[in-house]
Structure formats: C-alpha cells, structure tokens
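The letter at position 27 of the sequence shown is residue 126 when you use the working numbering, and the numbering goes up by one with no holes. Glycine included, every Cβ here is placed at the ideal spot set by N, Cα and C.
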Amino acid sequence: MDFMDIVRSRRSVRKYRPDPVPQEKIEAVLEAARLAPSWANGQCWTFIVVTDPKVKQRVAEAGNEWIEHAPAIVVACADPKKSGAKGDQAYYLLDVGIAMEHLVLAATDQGLGTCWIGWFDEQKAKAALGVPKDIRVVALTPLGYPDETPEARPRRSLDAMVCRDGWQ
Ligand SMILES: Cc1cc2nc3c(=O)[nH]c(=O)nc-3n(C[C@H](O)[C@H](O)[C@H](O)COP(=O)(O)O)c2cc1C
C-alpha cells in the first residue's frame, strides 16, 4: 500500500475475527518496530507477543476486557535506563511511541487491525506477564483481522494546528 493510503486507512479496531495471525505477518509488524529511531539509538523497547488464551485473559483484566477476543496482543515495554531524559521529560515514552506507531502502520499494511491502549493497570499487566520491576509497560495493542470497519474519526484541520514562523 502507498504510505499515505496506510496512514489514511488505519483505524482503532475494537472487534476482531478469531482467525490466528500468520507468523510472517507478526514478524513483519515487529520488523517495522525494530527499525524505529530512538534516543541515542538506545532501542529501549521489548515487545511481548501474547497469543496464549490464558495469558491474553490476564492482560485483558488489566483494563480492557474486550482485547481478550483478539487473536494476539502486543505489549510494548521499555527499559528507561536505555533511553534518555531532558529535564523532567523522559524519552522512553517517545521511543516506544514511535516504535509502536511503526508497528501499527505496518499492521494496517498487512490487512491487520490494531488499537493503541494507553489506559490499563500497569501493575496488573506486569504481573500477568512477569515483567521485571524496573521495566515499564508503556502501551499495548490487540492485533488481528478486523471484524468491523470503523468510520474515520474527525481530525482538526491543518489551519487549526499549524502556525507559521511562531505561535499564533
Ligand atoms: C496514546 C494513546 C492511547 C490510547 N488509549 C486507548 C485506550 O486505552 N482504549 C481505547 O479503546 N482506545 C485508546 N486509544 C485510541 C484512541 O481512542 C483513538 O486513536 C482515537 O479515538 C482516534 O481514533 P482512530 O485511531 O480510529 O483514528 C488510544 C490512542 C492513543 C494514541
């Protein structure tokens, strides 16, 4: 797919067909995440691919019960020590955000749905997956063939979000 077609057709998908995701498609989306830029090339991320129904259920119990019905969940973790900070702004969130968006767009290109999940109980997610104490769980997404075709959500116009040569 043309890049802008991928960007335009991506949606947050919250209903999935039960069909498993072929391994080569999972590898393709992970490869896109692998190639993401990061602070000092620290690549602070680890992605946990969950397909075991029992583990999926426990991850879903961390806040979004509906994701249990997706054939896979990708959990994006970060080791903040492998990223940097500018004052009080920690860059591991940006590093993982960029890598995750690579993954999300690659999934669209593979005909797969995703949905960024930022609201969840991090401690519950960590317990479900055995994530070490000093590693953060930043985001997760279900991954699978969409069973819905959501309308495009509204976006502000370029005029409303772009200033020229200073804040106006
Ligand atoms: C950082 C971030 C966190 C989000 N967290 C959630 C979430 O916890 N649960 C959810 O259902 N959707 C979540 N979303 C999806 C947004 O609601 C969605 O992207 C937005 O409504 C625009 O819709 P679209 O993705 O279909 O264009 C999140 C999106 C982002 C970027």
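Classification of residue 219 by the beta-carbon crowding that lies within 10 angstroms, buried from 16 upward | Counting from 1 along the sequence shown, the entry for residue 219 is found at position 120. Classification of residue 219: buried, given that the 10 Å Cβ count is 16 or more.
From this set, 133, 263 and 209, which residue's C-alpha is nearest residue 104's C-alpha?
-> Position 5 of the sequence shown, counted from the start, is the residue given in the question as residue 104. Measuring from the Cα of residue 104, the nearest candidate turns out to be 209.
Okay, do the stretch 156-169 and the stretch 191-207 touch, 3+ Cβ pairs below 8 Å being the bar?
-> no
Residue 238 and residue 266: beta carbons closer than 9 Å?
-> Your numbering for residue 238 matches position 139 in the sequence shown. Your numbering for residue 266 matches position 167 in the sequence shown. Contact flag unset, no.
Looking at residue 176 and ligand 1, is the gap between the Cβ and the nearest heavy atom below 8 Å?
-> Working through the sequence shown from its first residue, we reach residue 176 at position 77. Not one heavy atom of ligand 1 is found less than 8 Å from the C-beta of residue 176.
Reduced DSSP secondary structure (H/G/I, E/B, other) of residue 108 | Taking the sequence shown and counting its residues from 1, one reaches residue 108 at position 9. Helix.
Status (buried if at least 16 other CB within 10 Å, exposed otherwise) for residue 226 | Taking the first residue of the sequence shown as position 1, residue 226 is located at position 127. Under this definition residue 226 is an exposed residue.
Alpha carbon of residue 129 to alpha carbon of residue 202, nearest angstrom | Locating residue 129 in the sequence shown gives position 30, counting from the first residue. Locating residue 202 in the sequence shown gives position 103, counting from the first residue. Each residue's Cα considered, the two are about 6 Å apart.
Could you tell me whether any non-hydrogen atom of ligand 1 is closer than 8 Å to the CB of residue 162?
-> Here residue 162 refers to the residue found at position 63 when the sequence shown is read from its first residue. Within the cutoff, so yes.
Would you report the Cα separation of residue 179 and residue 114, rounded to the nearest angstrom?
-> Position 80 of the sequence shown, counted from the first residue, corresponds to residue 179. Position 15 of the sequence shown, counted from the first residue, corresponds to residue 114. So the alpha carbons of these two residues sit roughly 32 Å apart.
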